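Colleague:
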Amino acid sequence: MRFRRLSSEELSALEKEFIQFLAVSGVEAQDWENFKTSNPAFCEEKIEEFSDVVIGGVLHKAKYAEHCTKNDWMLFKLEEEEIHLIVIHSASIDLTSQKITPEDYSKIEVFKKSKKYSENKEDDLFQMMNQGCVITDGAMFEKFFELI
0 MRFRRLSSEE LSALEKEFIQ FLAVSGVEAQ DWENFKTSNP AFCEEKIEEF
50 SDVVIGGVLH KAKYAEHCTK NDWMLFKLEE EEIHLIVIHS ASIDLTSQKI
100 TPEDYSKIEV FKKSKKYSEN KEDDLFQMMN QGCVITDGAM FEKFFELI
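Letter by letter, the sequence shown follows residues 0 to 147 in numbering that gives the first Met the number 0.
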């Protein structure tokens, strides 16, 4: 398994897509019902394959991500070949509890950096999400990118 198994709630929400996935894999509804009791390992394998397809698709489409701690706000732009990072750092402002106002600009440091992915976009983003990153619309990245 490349990523993670979808939860029961996630699978339930994607029931129609899962049925289509099974059909494309050559598994008919009656076969699936039989496999649940006669070959549960096969069912788990198909659920894991579907999970990887879904999560991989979401990660592939993602364009931005963020991670915020008390002293650092990391804004990521995810392109096909490389990732761009803007780090907003402050030792005196709790970046998780308030918005940064123009008066706060003197209390922050802003850095930017770009690098190639260590694995590939999807695997790197999955690792980042396991460390607290969330996929975003990129509004904050673009706002700060214009300022620096």
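For each residue, glycine too, the CB sits at the ideal point set by N, CA and C.
Since this is a predicted model, take the numbers as computed values, not measurements.
Do E44 and R4 come within 8 angstroms of each other at the CB atom, strictly closer than that value?
Modeller: Cβ atoms of R4 and E44: not closer than 8 angstroms.
Colleague: Within 10 angstroms of the Cβ of S7, are there 16 or more other Cβ atoms? Answer buried if so, exposed if not.
Modeller: S7 should be labelled exposed.
Colleague: From M0 to F75, what does the alpha carbon distance come to, in whole angstroms?
Modeller: In a straight line, the C-alpha of M0 is about 26 angstroms away from that of F75.
Colleague: State the DSSP-derived secondary structure class of E65, mapped to helix, strand or coil.
Modeller: It is a strand residue.
Colleague: Given a cut-off of 8 angstroms, decide if K69 and D93 are closer than it, judged by their beta-carbon atoms.
Modeller: Yes; because the gap between Cβ atoms is below 8 angstroms, this pair is in contact.
Colleague: Please determine if the segment 52 to 69 and the segment 128 to 146 are in contact, where contact requires at least 3 C-beta pairs separated by less than 8 angstroms.
Modeller: Segments in contact, yes.
Colleague: Quick check on the DSSP output: the beta strand (DSSP E) that includes S113 runs from which residue to which?
Modeller: Element bounds for S113: 108 to 115.
Colleague: Going by DSSP, what residue range makes up the beta strand (DSSP E) through I134?
Modeller: Start and end: 133 to 135.
Colleague: Would a C-beta distance cut-off of 8 angstroms place F41 and F49 closer than the cut-off?
Modeller: No. Outside cutoff.
Colleague: If you follow the beta strand (DSSP E) that K76 is part of, which residue opens it and which one closes it?
Modeller: Where K76 is concerned, the enclosing beta strand (DSSP E) stretches over 71 to 77.
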